[in-house]
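Enquirer: In the order they appear, the protein sequences are chains A and E. 1 is the number of the first residue of the first sequence in our numbering; add one for each residue after it. 1001 is the number of the first residue of the second sequence in our numbering; add one for each residue after it. Virtual Cβ for every residue (Gly too), placed ideally from N, Cα, C. None of the values given here were measured: they were computed from a predicted structure. Okay, handing you the structure first.
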Amino acid sequence: MSTATDTVVAPQRRDPDDINRANVPKIVIGLFGLILTAWALGNLFLAFGYYPQWFLDNKILIAALALIGGVGGAALLFWFLNMFIEGLPNRLSQGIMPYAFLLPGFGLIALMLIYPTIQTINYSFANANSTEYVGLANYKDIFGSKDFWNAILNNLLWLALVPAITVAIGIIVAVLADKLSAQGEKVSKSIIFLPMAISFVGASAIWNLVYAYSDKSQSQVGLLNAIVTKLGMDPKTWLQISDGKLNSLLMMVILIWLQVGFSMILLSSAIKGVPDDTLEAARIDGASELQIFFKVIIPQIRGTIVTVFITVVILVMKVFDIVYVLTNGRDNSDVIANLFFNEMFANSQAGRASAIVVVLLIAVLPILWYQVKTFREEQMNR
Amino acid sequence: MSSTAMTPAPVVSDPKPRQRRLMKDGRPRSMFSIISMILLCIIWTLPTLGLLVTSFRSRDDAQSNGWWNALFNPFGTGWTFENYRKVIADADLGNAFLNGIVVALPATILPIMFAAFAAYAFTFLDFPGKDLLFIAIVAVMVVPIQVAFQPMLNLLGPNGLGISGQYIAVWLLHTGFGMPLAIYTLRNYMSTLPYSVVESAKIDGATHYQIFWKLVAPMAMPAMAAFATLQFLWVWNDLLIAKLFLNSGNSTVIVKLQGLLGTQGQGQELLTAGAFISMVLPMIVFFALQRFFVRGLTSGAVKG
C-alpha cells in the first residue's frame, strides 16, 4: 500500500532520473558514520566495564553517560543508517528501509533470546561444564530423580491453584469495587493494586513476618501464629510443614496477594466495558443479579479472563524468587525454576540444569502456540 | 438496609426508587460491597503494615511481641531509626540503592528506543515477511528467561567479552529481554494512530526517519510511558539477572535484601528496614505513574 503511493506520488515531486540513481556521497557518509558510531558506542560501553576509573568511579556519571550514549547513539546510528539507505537507488532503498528499522531490535532479540535458546538445547546434551556431549544422559538423570518429579508436582499444584484463584478474586474485587462510590473505588483499587510494585523478594520479607515462629513459651511475633495461639493451638513453623503441601500453599498465598491487583485492574476495565443495554435487557427479562453476572457479564469478558489467566500461568511456571528466598526447596517445596538454579549454581551441573530449562521450554510451547493462534485470529478480524 | 451483590439492585431510571440511600451519582449504596471491600483492603494492607511498623521497632521489642502491640500501645514501645541507619551503614544498602537506579534507568530507556523503530516499521511500512516476523515477536515473549543464563554467562563472562559483573551486562540483558514486549506494546498503540497523518507527510516528501521523529514518536508517548513504568518496576524488582550478572560492588537493593533474608537470627531487624527501603522507589513510581502503568498492563502485557 505505502510503496504503491510512493511510486505514484514521488516521481511527480522529484526528478525521476535522480531517485533511481545511487547517491554516492550519501552512501559513503552514511556507511562511514554507521561504522564510526558503532565503534565509538561499543568502546564507550566497554570502557564503563573495563575502566570505571576513567569516569572517576562515579556511578551516577556512568549512568548518565550510558543514557546519553545509548539513546543519542541509537538515534545517531539510525540517522546514518537512514542516510546510507536513502543514498541507494530508490527501489532498493524502499525495499531495505523496513528491515533497517527492525535490525537493532531483532538483533538484540536474536542475541539475548534466540541464540541462548538454541545454545541451551545444545548444552542440555553436554556434560556438567559443557565440554563434551553425553547424549541423553542429562535427561535420564533428571527424569530418574525424585526431586525433579517432586518439583514438577509442585509446579502443577501452583498452576492448578494460583491462576484460577487470582482470576476469581480479581473478578470479585472488580465487581465489588464497581459498586462503590467513585472515590471509594479509586482508593480501594489502589490499595489492592499496590503489591504489584513490590518485588518478590520484598513480598517474601513481608510474609516471612506473617509466618514467623516463636517458641511456645514466648509471645508470638508472627501474625498467623498469634491468631492460632489465640485460638488455643500450638504455634507452628509454617514453612516447614509439607503435610498437605501446606508450605507450598502458604507461598502461593504470597503470589496471589501480589497478582490480584493486576487481575482486578484488567477485569475491572473489561466489566466496565460490558454494554449497559445487555444488562438492562436481562433485568427486564427478570434475570437475577447472579444470573446476569454468570450469563451476561462473564461471557462478554471471557477474552480478558483468558489473558489474565495466561499471564499468571506464565508467571507461575517460572516462579522462583519466593521459593528460593523462603525455603530454597526444602521440605518438599521445590519448583522447577529453583531446581534449575540450584543445579546450575549450587551443584555446577550446567548440563542437567539446561535439560531442566528445556523441559520448561517444552512446557510453555502450548501457551506459545495459543498466543500465536489468538494473535492471528485478532489480525484477521481487524 | 442490607443489600448484597446478589439481590437485584433497582435500576437507576426506576420511577419509584425503593427506600434506600443513594450515592451522589444516583446509584444505590451497597453496604455489602462497602463492608467486604473494607475487609479486603485491611487484609491486603496488614502484612505490609506489619513490616513498616516492625522496621521502626528496636530489636528487643520486635522479638518480644508482635508488631500490633506497638500500635495498641505506642508509648510502651522502643521506636527507633536505628534499623535504617544500620542497614544503610552496615549492609551497604545506600550504595545498593544507587546501583539500582544506575541499573534501572538505562535498562528502561534503551529498549524503548530500539523498539520504537521496529514498531514503526511494523505499523507503517509494508515488506515481505512482516507477519512472520511479528509472530516471532509474539512467540518469544513467552520464552522463559532462564534459557539465557548459561549461554549469556559464557558470552559475557571472563572467557567471552568479560563484562559480566558490570552494569553494561545487565543493561544489555534487560534491553534484550524487554524488547519483545516493548515492540508488541508500541506496535499495538501505533496501529491506533491515524494512518493519514503519516501518509500526507510522505506525500510532502518527508523521509521515514523524519516521520518517525517528528510525528510518530511524539504521538506514541503514552505507550512509551506505559512500557517504561512496567519495565522500570520489572528491572528494579528483578533478582535473578542482578544476582547473576552484577558483582557485589554493583549489586542492587533486591540482591542485598535476598542476602539479608538468608541470615536467620541476628540481622533480622535490619531485614525489615531493608525491605522497606527496597519498596520506596517502586511505590513512588507506582503512585506517580499509576495511570500509565495500568495502560501498560491493559495493552496486553505477557512477559516470559
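Any beta-carbon of chain E closer than 8 Å to the one on residue 320 of chain A?
Expert: Yes, its Cβ sits closer than 8 Å to a Cβ of chain E.
Enquirer: Between which two residues does the alpha helix (DSSP H) containing residue 361 of chain A stretch?
Expert: 350-381 is the span of the alpha helix (DSSP H), which, as asked, contains residue 361 of chain A.
Enquirer: Say whether chain A places a C-beta atom closer than 8 Å to the C-beta of residue 1148 of chain E.
Expert: Closer than 8 Å to some Cβ of chain A, the Cβ of residue 1148 of chain E qualifies, so yes.
Enquirer: For residue 7 of chain A, which residues of its own chain have a beta-carbon under 6 Å away from its beta-carbon, when the five flanking residues on both sides are left out?
Expert: Summary for residue 7 of chain A: the model assigns pLDDT 42, below 50, so the residue's position carries little reliability, and this model does not support an answer.
Enquirer: Can you give me the Cβ contacts of residue 205 of chain A inside the same chain, cut-off strictly under 6 Å, excluding the 5 residues immediately before and after it?
Expert: Counting only Cβ-Cβ distances below 6 Å, and skipping sequence neighbours, we find nothing.
Enquirer: Within the 8 Å Cβ cut-off, does residue 1024 of chain E reach chain A?
Expert: Output row for residue 1024 of chain E: interface = yes.
Enquirer: Inspect the beta-carbon positions of residue 142 of chain A and residue 346 of chain A and report whether they are closer than 8 Å.
Expert: Cβ distance not < 8 Å, so residue 142 of chain A and residue 346 of chain A don't count as in contact.
Enquirer: Just reading off the alpha helix (DSSP H) that residue 44 of chain A is part of, what are its end residues?
Expert: Unbroken alpha helix (DSSP H) run through residue 44 of chain A: 24-50.
Enquirer: Are the segment 63-74 of chain A and the segment 1104-1118 of chain E in contact at 8 Å, needing three or more beta carbon pairs?
Expert: Output reads yes: the segment 1104-1118 of chain E touches the segment 63-74 of chain A.
Enquirer: Which same chain residues end up closer than 7 Å to residue 1273 of chain E when comparing Cβ atoms and leaving out the 5 residues on each side of it in sequence?
Expert: 1055, 1083, 1084, 1087.
Enquirer: Is residue 91 of chain A helix, strand or coil by DSSP?
Expert: Helix.
Enquirer: What in chain E is Cβ-close to residue 305 of chain A, meaning under 8 Å?
Expert: Chain E residues near residue 305 of chain A: none, gap ~14 Å exceeds 8 Å.
Enquirer: In whole angstroms, what is the alpha-carbon distance linking residue 140 of chain A and residue 127 of chain A?
Expert: Near 13 Å, if we compare the C-alpha coordinates of residue 127 of chain A and residue 140 of chain A.
Enquirer: Could you confirm whether any beta carbon from chain A is found closer than 8 Å to the beta carbon of residue 1226 of chain E?
Expert: For residue 1226 of chain E, the answer is no, since every Cβ of chain A falls outside 8 Å of its Cβ.
Enquirer: Please confirm whether residue 1066 of chain E and residue 217 of chain A have their CB atoms less than 8 Å apart.
Expert: No, they are not a contact pair.
Enquirer: Within 10 angstroms of its Cβ, does residue 380 of chain A collect 16 or more other Cβ (buried), or is it exposed?
Expert: Classification for residue 380 of chain A: exposed.
Enquirer: Indicate the three-state DSSP secondary structure (helix, strand or coil) for residue 1009 of chain E in the structure shown.
Expert: Confidence is the limiting factor: at residue 1009 of chain E the pLDDT is only 46, short of 50, which leaves the residue's position unreliable, though a coordinate-based value still follows. Reduced to three states, the DSSP call for residue 1009 of chain E is coil.
Enquirer: Run through chain E and tell me which residues come within less than 9 Å of residue 220 of chain A, C-beta to C-beta.
Expert: The contacting residues are 1065, 1066.
Enquirer: Report yes or no: is there a C-beta of chain E within less than 8 Å of the C-beta of residue 371 of chain A?
Expert: Chain E contact via Cβ: present.
Enquirer: Pull up the distance between the alpha-carbon of residue 1276 of chain E and that of residue 1128 of chain E, whole angstroms please.
Expert: Computed Cα separation, rounded: 51 Å.
Enquirer: Identify which residue in A:337, A:300, A:297 has its Cα closest to the Cα of residue 315 of chain A.
Expert: Comparing Cα-Cα distances from residue 315 of chain A to each of A:337, A:300, A:297, the minimum goes to A:337.
Enquirer: Over the uninterrupted alpha helix (DSSP H) stretch that includes residue 280 of chain A, give me the two end residues.
Expert: Unbroken alpha helix (DSSP H) run through residue 280 of chain A: 276-284.
Enquirer: For residue 300 of chain A and residue 224 of chain A, I'd like the C-alpha separation in whole angstroms.
Expert: Straight-line Cα distance between these residues: approximately 39 Å.
Enquirer: Can you pull the DSSP bridge partners for residue 1079 of chain E?
Expert: Answer by DSSP bridge pairing, in chain order: E:1057.
Enquirer: Would a check of beta-carbon distances place residue 1275 of chain E closer than 8 Å to chain A?
Expert: Yes, its Cβ sits closer than 8 Å to a Cβ of chain A.
Enquirer: Considering Cα atoms alone, identify which of A:114, A:111, A:85, A:108 is closest to residue 100 of chain A.
Expert: Minimum Cα distance to residue 100 of chain A is reached at A:85.
Enquirer: From what residue to what residue does the alpha helix (DSSP H) around residue 132 of chain A run?
Expert: Taken as a continuous stretch (DSSP letters only), residue 132 of chain A belongs to no alpha helix (DSSP H), as it is neither H nor E.
Enquirer: Measure the C-alpha to C-alpha separation of residue 186 of chain A and residue 29 of chain A and round it to an integer number of angstroms.
Expert: Going from the Cα of residue 186 of chain A to the Cα of residue 29 of chain A covers about 55 Å.
Enquirer: Starting from residue 142 of chain A and walking both ways along the alpha helix (DSSP H), at which residues does that stretch end?
Expert: Note, residue 142 of chain A: alpha helix (DSSP H), 137-143.
Enquirer: Check residue 1293 of chain E in the structure and name its three-state DSSP category.
Expert: In the structure shown, residue 1293 of chain E sits in a helix (DSSP, three-state: H, G or I).
Enquirer: Is residue 314 of chain A close to chain E? Criterion is C-beta to C-beta, closer than 8 Å.
Expert: True, the Cβ-Cβ gap to chain E drops below 8 Å.
Enquirer: Contact criterion: CB-CB distance below 8 Å. Does residue 1176 of chain E meet it with respect to chain A?
Expert: Yes - at least one Cβ of chain A is within 8 Å of the one on residue 1176 of chain E.
Enquirer: Excluding the 5 residues preceding and the 5 following residue 410 of chain A in the sequence, name in chain order all residues of the same chain whose CB lies nearer than 6 Å to its CB.
Expert: A question about residue 410 of chain A goes unanswered here, because the residues of chain A that appear run from 1 up to 382.
Enquirer: Would you kindly report the start and end of the unbroken alpha helix (DSSP H) that includes residue 1165 of chain E?
Expert: Note, residue 1165 of chain E: premise wrong, no alpha helix (DSSP H); not H, not E.
Enquirer: Within a Cβ cutoff of 8 Å, which residues of the same chain sit near residue 1002 of chain E, ignoring the five residues on either side of it in sequence?
Expert: Any reading at residue 1002 of chain E needs caution, since the residue's pLDDT is 40, under 50, leaving its predicted position unreliable; the model's value is listed next. For residue 1002 of chain E, where only same-chain residues beyond five positions count, the Cβ hits under 8 Å are 1031, 1032.
Enquirer: Note down, in chain order, every chain A residue with its Cβ under 8 Å from the Cβ of residue 1282 of chain E.
Expert: Simply 197, 198, 199.
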